[in-house]
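Residue numbers (the working numbering): 432 to 505.
Cβ atoms here follow ideal geometry from the backbone N, Cα and C, with glycine treated the same way.
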Amino acid sequence: MGQITIDIPQSVNRNYRIVSESSAQEILSKLEHLVEAENKIDDEILGLWADRKESVEEIARDLRRKSNDHRASK
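(1) Is any non-hydrogen atom of the ligand ADP found closer than 6 Å to the C-beta of MET432, if you look at the structure I gave you?
(2) Looking at C-alpha atoms only, which residue of LYS461, MET432, ALA468 is the closest neighbour of GLU452?
(3) Between ILE458 and ILE449, which are expected to be in contact by the criterion C-beta below 8 Å, what is the C-beta distance as a whole number of angstroms?
(4) Does DSSP classify ASN446 as helix, strand or coil?
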C-alpha cells in the first residue's frame with residue numbers, strides 16, 4: 432500500500448482507502464491531469480512576468496510599494 436498527500440485550500444481532513452488497482456490508477460491519472468491543468472494556468476500567469484529582468488522578489492516588492500503608495504494617497 433502507498434499513500435498520497437494532497438494539500439488543498441480548505442480546512443478538511445479526510446482519509447480514504449482504495450483497494451482496487453484499477454481504481455488507484457484512475458485516481459492517479461485524474462490527479463495528474465488536475466495538477467497539469469493548474470500548472471498550466473500558473474505558467475500562463477507567470478509568463479506575463481517572463482520578459483522582465485527583475486526577480487520575483489523585486490516584482491513583489493515593487494507591487495507592494497505601489498499598493499502602499501496608492502493607499503497613502505487616498
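In short, the structure shows the following:
(1) As for the ligand ADP, it is missing from this structure, which has no ligand bound.
(2) MET432
(3) Cβ-Cβ separation between ILE458 and ILE449: approximately 6 Å, consistent with a contact (criterion under 8 Å).
(4) coil
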